[in-house]
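Student: Take this structure, written in structure tokens, and hold onto it; I'll ask about it next.
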């Protein structure tokens with residue numbers, strides 16, 4: 001029978017990357033921790049870690065289980081919190097770093113849930129470019145980041161956790177010829193005038209996408225405004241590949257925007273948390289992580 005202790009031990013190893021470091025964090029022996037991981041793998045029937053000379057890294061199944069493990073512990077913590085004491089008595093502050101695209105489409109729901117759970121905690125938010133937010137996290141000047149994780153550079157210094165995977169879809173104006181296709185692929189898109197969003201390193205993500213497909217897109221316009229992308233697409237001036245979390249079916253002018261999947265595009269935009277690895281976390285970081293991991297009513301909101 002899987003236990004919460006095993007799940008906590010698994011998370012400790014996943015976060016530290018080694019049995020010895022996790023054993024120190026959890027204040028148990030290495031042999032006890034090794035046995036707990038082995039029993040957990042036997043219970044669920046998959047290998048969660050790749051073992052190598054420098055430590056342990058998560059397998060694909062391990063990454064999937066890590067997300068569920070955090071949800072399990074967050075649910076348990078939430079249940080305990082509701083029964084044991086009122087969070088109205090908890091006071092303090094948490095400083096959050098966020099990038100602009102995430103701030104516009106993901107942050108409000110997260111902060112609302114945290115403020116509802118901890119009304120006497122002062123929330124401070126700093127919005128900036130990802131490299132600067134990453135620098136502040138590593139230096140300890142902010143407590144936790146909420147940002148797009150795909151472009152992080154100093155992964156050895158930061159612990160990360162994906163909160164939502166937002167799939168990409170193609171935005172088109174109403175009555176566009178591609179809407180008649182049973183299936184749309186990247187080669188179809190490459191023949192169309194493309195509107196590129198440049199905010200929050202979306203241009204870097206797009207370059208990787210097209211380079212991986214071996215295609216050269218016809219970029220007709222670049223903009224840092226998601227609303228501009230929406231208006232330009234709706235006006236028939238081009239198409240755009242955007243993550244579902246930013247999709248709305250109309251522009252500011254009230255024109256319809258259609259969205260269709262791209263058959264050979266499986267990447268997602270991963271939004272999540274980042275915090276400094278290997279040091280004692282500030283007091284309010286763990287409560288913030290717990291709330292962030294909880295699934296909002298009706299499910300998370302990565303996509304429309």
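Numbering (full-length UniProt numbering), first residue to last: 1 to 304. Heads up, the beta-carbon is just placed ideally off N, CA and C, and yes, glycines get one too.
Taking contact to mean 3 or more Cβ pairs, one atom from each stretch, closer than 8 Å, check whether the region 184–194 and the region 210–225 are in contact.
Tutor: Touching, yes, given that three or more Cβ pairs across the two stretches are closer than 8 Å.
Student: Closest by CA to residue 229, which one among 204, 198 and 205?
Tutor: Ranking the options by Cα distance to residue 229, first place goes to 198.
Student: Classify residue 1: buried if its beta carbon has 16 or more other beta carbons within 10 angstroms, exposed otherwise.
Tutor: Exposed is the call here.
Student: Please confirm if the region 222–238 is in contact with the region 159–167, defined as three or more CB-CB distances below 8 Å between the two stretches.
Tutor: No, because fewer than three Cβ pairs between the region 222–238 and the region 159–167 fall closer than 8 Å, the two stretches do not touch.
Student: Please report the residue range of the alpha helix (DSSP H) in which residue 212 lies.
Tutor: From DSSP, the alpha helix (DSSP H) with residue 212 extends over 202–213.
Student: Whole angstroms is fine: what's the gap from residue 114's alpha carbon to residue 124's?
Tutor: Taking the straight line joining both Cα atoms gives about 12 Å.
Student: Below 8 Å, how does it come out for the region 170–182 and the region 255–271: are there three or more Cβ pairs, yes or no?
Tutor: At 8 Å Cβ cutoff, the stretches touch.
Student: Would you kindly check if the distance between the Cβ of residue 293 and the Cβ of residue 70 is under 8 Å?
Tutor: Cβ atoms of residue 70 and residue 293: closer than 8 Å.
Student: Taking contact to mean 3 or more Cβ pairs, one atom from each stretch, closer than 8 Å, check whether the region 95–105 and the region 141–151 are in contact.
Tutor: Touching, yes.
Student: Output needed for residue 193: all residues of its chain with C-beta closer than 6 Å, excluding positions within five of it in sequence on either side, in chain order.
Tutor: Hits under 6 Å: 218, 220 and 238.
Student: Whose CA, out of 249, 132 and 4, lies closest to the CA of residue 73?
Tutor: Among 249, 132 and 4, the Cα nearest to that of residue 73 belongs to 4.
Student: Would residue 157 and residue 121 qualify as a contact pair, given that the criterion is a beta-carbon distance under 8 Å?
Tutor: No.
Student: How long is the line joining the alpha carbons of residue 242 and residue 110, rounded to whole angstroms?
Tutor: So the alpha carbons of these two residues sit roughly 22 Å apart.
Student: Taking just the CA atoms, how far does residue 280 sit from residue 56?
Tutor: Looking at the two C-alpha atoms, the distance is approximately 22 Å.
Student: Counting only runs that start and end within the region 153–235, where is the alpha helix (DSSP H) found for 4 or more residues in a row?
Tutor: Runs found: 186–190, 202–213 and 226–234.
Student: Do the CB positions of residue 40 and residue 6 come within less than 8 Å of each other?
Tutor: A contact, by the Cβ cut-off of 8 Å.
Student: Does any C-beta atom of chain D lie closer than 8 Å to the C-beta of residue 108?
Tutor: The structure shown contains no chain D; it holds only a single protein chain.
Student: At what residue ranges does the region 259–295 contain a whole run of the alpha helix (DSSP H), taking only runs of 4 or more?
Tutor: As far as the region 259–295 is concerned, its whole alpha helix (DSSP H) runs of at least 4 residues are 285–293.
Student: Under 7 Å: does the beta carbon of residue 133 sit that close to some heavy atom of the ligand ATP?
Tutor: Ligands are entirely absent from the displayed structure, and the ligand ATP is therefore not among its contents.
Student: If you count every other CB in all the chains shown that lies within 10 Å of the CB of residue 35, and 16 or more means buried, which is it?
Tutor: Exposed, since its Cβ has fewer than 16 Cβ neighbours within 10 Å.
Student: What are the start and end residues of the alpha helix (DSSP H) that includes residue 109?
Tutor: Taken as a continuous stretch (DSSP letters only), the alpha helix (DSSP H) holding residue 109 covers 107–117.
Student: Starting from the C-beta of residue 286, find all residues in its chain whose C-beta is less than 6 Å away, skip the five residues before and the five after it, and write them out in chain order.
Tutor: None.
Student: Would you kindly check if the distance between the Cβ of residue 103 and the Cβ of residue 291 is under 8 Å?
Tutor: Cβ atoms of residue 291 and residue 103: not closer than 8 Å.
Student: Quick check on residue 37: does DSSP put it in helix, strand or coil?
Tutor: Here residue 37 sits in helix by DSSP.
Student: Whole angstroms is fine: what's the gap from residue 175's alpha carbon to residue 232's?
Tutor: For residue 175 and residue 232, the distance between alpha carbons rounds to 15 Å.
Student: Thinking just about the alpha-carbon of each residue, which of 252, 53 and 67 is nearest to the one in residue 14?
Tutor: Of the listed residues, the one whose Cα sits closest to residue 14 is 67.
Student: So, with DSSP's three-state summary, where would you put residue 17?
Tutor: Residue 17 falls in the coil class under three-state DSSP.
Student: Does residue 105 pass the burial test, meaning 16 or more other C-beta atoms within 10 Å, or should it be called exposed?
Tutor: Burial call: buried.
Student: What residue does the alpha helix (DSSP H) around residue 139 start on, and which one ends it?
Tutor: Residues 130–139.
Student: With a cut-off of 8 Å on the beta carbons, I'd call residue 267 and residue 179 a contact; round off their distance for me.
Tutor: Going by Cβ atoms, the distance from residue 267 to residue 179 rounds to 23 Å, so no, they are not a contact pair.
Student: How long is the line joining the alpha carbons of residue 128 and residue 234, rounded to whole angstroms?
Tutor: Between residue 128 and residue 234, the C-alpha separation is close to 29 Å.
Student: Excluding the 5 residues preceding and the 5 following residue 30 in the sequence, name in chain order all residues of the same chain whose CB lies nearer than 7 Å to its CB.
Tutor: Excluding residues within five positions, the ones whose Cβ falls inside 7 Å are 19, 20 and 23.
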